[in-house]
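*Asks:* In our numbering, the protein residues as written are 38 to 225.
One structure coming up, written as structure tokens, with questions to follow.
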């Protein structure tokens, strides 16, 4: 609206004490699914608003909304990660996550209280005190997409576990191995 004071049935005026408007350009802001999520307005440019102004404001507000969407997505991810960590941290089952080079990326408190701190050790060192990869290691199968279950007695503790190993896709596209240790010693 390049003449705010010209007769227009869509304009209802403005509240008392409001800055006088001479020119005004409202613009809807759309999200990635083309839903209007906000309306922005600029006013009182010295010259008339034109298509270039619409284009520039659209570019600016699209960038702003993309930033807002990213922040909301990151907050959702943080919330979900914290919820998952809370679940893993309260489980009695022992849980660990390892990468392709046998490094332990995560152990839950139940695992740590039973086996101690990782201290940079590889899984075969941490669980079995070995100097090299276990001869029965199933990492290749798990990293190729298979979920495997097995029973094993850990020499360090004498406890028998049913272990479920499954691929875990990370947000960066890499794959880790998630292992869930369920104590079945009393069952055997």
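Here a beta-carbon is modelled for each residue, glycine too, at the ideal position from N, C-alpha and C.
Predicted model, so just to flag it, every value in this text is computed and none were measured.
(1) May I have the straight-line CA-CA distance separating residue 167 from residue 143, to the nearest angstrom?
(2) Give a yes or no on contact between the stretch 105-112 and the stretch 127-145, applying the rule of three or more CB pairs nearer than 8 Å.
(3) Under 8 Å, do residue 213 and residue 135 count as touching if we go by C-beta distance?
(4) Which word fits residue 138, buried or exposed, when buried means at least 16 other C-beta atoms lie within 10 angstroms of its C-beta?
(5) For residue 186, I'd like the list of residues in its chain whose CB is within less than 6 Å of its CB, leaving aside the five on either flank, ordered along the chain.
(6) Here's a check: name, in chain order, each residue in its chain whose Cβ is nearer than 7 Å to the Cβ of residue 160, leaving out the five neighbours to either side.
(7) In the DSSP assignment, what residue or residues form a beta bridge with residue 151?
(8) On the three-state DSSP scale, how would you describe residue 48?
(9) With three or more C-beta pairs closer than 8 Å as the rule, is the stretch 176-184 touching the stretch 93-104?
(10) Going by Cα to Cα distance, which pick from 61, 53, 175, 190 is closest to residue 45?
*Replies:* Inspection of the coordinates gives the following:
(1) Per the coordinates, the alpha-carbon of residue 167 lies some 20 Å from the alpha-carbon of residue 143.
(2) no
(3) Their beta carbons are under 8 Å apart, which means residue 213 touches residue 135 by this criterion.
(4) exposed
(5) 201
(6) 135, 139, 141
(7) The partner list for residue 151 (beta bridge, DSSP) is empty, contrary to what the question assumes.
(8) coil
(9) These segments do not touch.
(10) 61
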